[in-house]
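Numbering (UniProt numbering), first residue to last: 1 to 142.
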């Protein structure tokens with residue numbers, strides 16, 4: 001049996017998925033793959049808090065947020081979130097929690113929509129991709 005990739009998904013991808021009516025959009029398909037146990041989602045307390053706060057700020061329905069948090073509890077792989085990375089210039093300081101988690105968990109992929117992070121291409125051992133590129137990669141190995 002193939003080992004499932006360890007993946008960290010940025011808040012913007014969740015927002016895009018929860019706002020989209022297109023169930024075939026890349027962000028929605030990433031969530032579908034997660035729910036089908038095709039990828040292992042990595043979370044830390046800091047990432048879960050950030051996702052929750054941003055979804056509330058973007059006025060995502062409370063039921064959608066609660067459903068997402070329930071699936072996190074049931075399916076995600078939690079890390080302590082104790083590692084702190086050096087703050088990188090030219091990126092949103094809140095994105096450092098995702099970079100720190102990728103280093104701590106040795107994640108295979110970070111999935112972002114933010115161009116400033118996509119320009120990094122990788123962080124230590126973790127490859128940084130946009131949702132569509134990540135899906136294309138997954139489909140190659142199915």
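Cβ atoms here follow ideal geometry from the backbone N, Cα and C, with glycine treated the same way. These numbers were taken from a predicted model, which means no experiment stands behind them.
Fill in: Sequence ranges, alpha helix (DSSP H) only - wholly within the segment 59-133, length at least 4
62-75, 96-105, 115-118
Worksheet item: With C-beta atoms as the reference, is residue 123 less than 9 angstroms away from residue 7?
Response: Along the chain shown, one-based indexing puts residue 123 at 123. Along the chain shown, one-based indexing puts residue 7 at 7. Going by C-beta atoms, residue 123 is not nearer than 9 angstroms to residue 7.
Worksheet item: Going by other Cβ atoms of all chains shown within 10 Å of its Cβ, with 16 needed for buried, is residue 131 buried or exposed?
Response: Walking along the chain shown from the start, residue 131 turns up at place 131. Label assigned to residue 131: buried.
Item to complete: State the Cα-Cα distance for the pair residue 114 and residue 12, rounded to the nearest angstrom.
Response: Against the chain shown, residue 114 aligns to sequence position 114. Against the chain shown, residue 12 aligns to sequence position 12. If you take the alpha carbons of residue 114 and residue 12, they lie about 8 angstroms apart.
Fill in: Cβ-based burial, residue 27 [other Cβ within 10 Å; buried from 16]
Here residue 27 refers to the residue found at position 27 when the chain shown is read from its first residue. So residue 27 counts as buried.
Worksheet item: So the alpha helix (DSSP H) residue 11 belongs to, where does it begin and stop?
Response: As a first step, residue 11 is located in the chain shown; it is residue number 11 there, counting from the start. Per DSSP, residue 11 belongs to the alpha helix (DSSP H) from 11-19.
Fill in: Spatial neighbours of residue 71 in its chain, beta-carbon cut-off 8 angstroms, leaving aside the 5 residues before and after
Position 71 of the chain shown holds residue 71. Excluding positions up to five away in sequence, the list reads 34, 35.
Worksheet item: Quick one: Cα of residue 1 to Cα of residue 105, how far?
Response: Indexing the chain shown from 1 puts residue 1 at position 1. Indexing the chain shown from 1 puts residue 105 at position 105. The pLDDT assigned to residue 1 is 42, lower than 50, so where the model puts this residue is not dependable; a value taken from the coordinates is nonetheless given after this. So the two alpha carbons sit approximately 21 angstroms from each other.
Practice prompt. With residue 54 as the anchor, note down where its alpha helix (DSSP H) starts and where it stops.
Written response: As a working note, residue 54 is residue 54 in the chain shown. Counting along the chain, the alpha helix (DSSP H) containing residue 54 begins and ends at 45-57.
Worksheet item: Since residue 33 is in the alpha helix (DSSP H), which residue starts that stretch and which ends it?
Response: As a working note, residue 33 is residue 33 in the chain shown. Looking at the DSSP string, the run of the alpha helix (DSSP H) that includes residue 33 is 26-35.
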